[in-house]
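Going line by line, the protein sequences match chains A and B.
If you count the first sequence from 1, you need to add 78 to reach this note's numbering.
If you count the second sequence from 1, you need to add 301 to reach this note's numbering.
Glycine is no exception: its CB is placed at the ideal position from the N, C-alpha and C atoms.
What follows is one structure encoded as structure tokens, with my remarks underneath.
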Amino acid sequence: MKRKLRAFTLIEVMIATVVTTMIAGTVVALIQGFVSALSIQDLRSEAIVRSAGVQSHLGLLSLKTRMSLALSPQRVLLWLPAETLLTSGSGSDAAFDRIDLAEDELHWLEFVQEEDATWTLIEWTVKNNMVEATESAVFTVDGSFWDDLFLQLNEAGKLRRSPIASGLAAPELVSGLAKSPRFVWQTSDCCQNRSVGVEFAFVALMGNEKLQADVRLESAIAFFDRHPICSESGS
Amino acid sequence: MGMRRAMTLIECMVALVILTLSASIMVMAVQGGLAAQEEALSMTLAGTAAESRIAEYLSKSYPTIAVADITEAAGAIKTPAGEFFSSSYKKMSRRTVITSANLTVPDFPGLIVQGYLFDVTVSDSWQGQARKLVSLQRFRPWTTEEEGDVTP
């Protein structure tokens, strides 16, 4: 017996279209929700992991730091004296006045802008195989001296570049959006300053919406060592 | 050749219910992950706010520190420079308790170290209730160098 074939009625086609549209709409909304959730998760994960990385690095550095020698929003210089009898202040007063470039005593932290407009926190140290063992700088609290030294060493390729955290953005301050991530400190007087901190942000774009997580980290210079030159200069 | 049968309405309904339930479970799982991550980020930021306060008191000249109990309300926590923390911290409040403390040192009987104990707690509000996110404690000893206004 041959069964008679019947076409869909208009009502059936319309109902099918409506149901299909509803399901498709739900699926699209679900996918968009997942994508948004993943963007938020990415941002939060970055903020958690990279902040922890910066905090531990900053904490370790500030534990070894005795003084900050130069302070600016984009770059700071920390002095980590070599803890050896002959080259440190505990060995001789003359040695205390000298900063040995080959002894890893100088650590610059700098925010550098990358080509994609994000910022990277860099640590610069002197390549000890590129300087003479006797090469040194006389201790000074003149920040411009250390800036010049940084430029000279960098141009000569004598600095080692170690990224600490990348993909950073300018923080949103109460007064408005900062121009860039920045360093913060207790006082700009190096002879008095006993803390170093950073302010930065993580940004993700979700469609037209901008997600931002601002982070502020601070660390005390646990074993601050006020150089005798500070007393001489009256600071 | 056997006649092929179309799905019944009941079969379609059951399939749709299963699809909806699966999708709902996936959405709930993602939402749960997001909520946990938000809490983790809050705790990370709360830790930085607490650490900032500790760093402030460790950096201060010792003679200027005094016993205190300071509470900063949500949205009003400040940096050592007196600026407000950014909007990421706006839901957080911070309490700083400074007490004079004498600590004994293990393996050195009779040795007592005088100093201040800093206790910093950062909280936020969760479903109308105050929720403690982070609590940090740090001891700052007094040493003879402190008299010369120098951190040991």
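Among the residues of chain B, none has a CB under 9 angstroms from the CB of Ala94(A); the nearest is roughly 11 angstroms distant. For Lys433(B), the enclosing beta strand (DSSP E) starts and ends at Gln430 to Pro442. In this structure, Pro249(A) lies near Ser387(B), with their beta-carbon atoms less than 8 angstroms apart. Per the Cβ contact rule, the region 293-311 of chain A is not in contact with the region 306-313 of chain B (fewer than 3 Cβ pairs under 8 angstroms). Fewer than three Cβ pairs drawn from the region 411-429 of chain B and the region 278-297 of chain A lie within less than 8 angstroms of each other, which leaves the two stretches out of contact.
Under DSSP, Arg176(A) takes part in a beta bridge, and its partners are Val216(A).
With contacts defined by Cβ atoms closer than 8 angstroms, Ala125(A) and Thr345(B) form a contacting pair. Within chain B, not a single residue places a beta-carbon under 9 angstroms from that of Gly245(A); the smallest gap is close to 16 angstroms. In terms of Cα proximity to Phe228(A), the closest of Lys205(A), Phe112(A), Leu246(A) and Ala243(A) is Lys205(A). Counting only Cβ-Cβ distances below 9 angstroms, Glu339(B) has contacts in chain A at Ile118 and Arg122, in chain order.
For Tyr417(B), the beta-bridge partners assigned by DSSP are Ser401(B) and Arg441(B). For Ala234(A), no CB of chain B lies under 8 angstroms from its own CB, so it is not counted at the interface with that chain. Look at Phe112(A): its C-beta is under 8 angstroms from a C-beta on chain B. Taking a Cβ-Cβ threshold of 7 angstroms, none of the residues of chain A is close to Phe440(B); the smallest such distance is about 12 angstroms. For Glu373(B), not one C-beta of chain A is nearer than 8 angstroms to its own C-beta. Across the region 132-158 of chain A, CB contacts with chain B closer than 8 angstroms involve Gln133, in sequence order along the chain. Annotation for Thr98(A): the continuous alpha helix (DSSP H) segment containing it runs Leu88 to Lys142. For Gly348(B), the three-state secondary structure derived from DSSP is helix. Around Ser266(A), the same chain offers Leu149 as residues with beta carbons nearer than 6 angstroms, after the five sequence neighbours per side are excluded.
Note that the C-beta distance between Thr380(B) and Arg304(A) is not below 8 angstroms. Using a Cβ distance threshold of 8 angstroms, Ser394(B) and Ala382(B) do not count as a contacting pair. Close to chain A, meaning a Cβ-Cβ distance shorter than 8 angstroms, are the following residues of the region 376-388 of chain B: Thr380, Pro381, Ala382, Glu384, Phe385, Phe386, Ser387 and Ser388. Chain A has a Cβ within less than 8 angstroms of the Cβ of Gly334(B).
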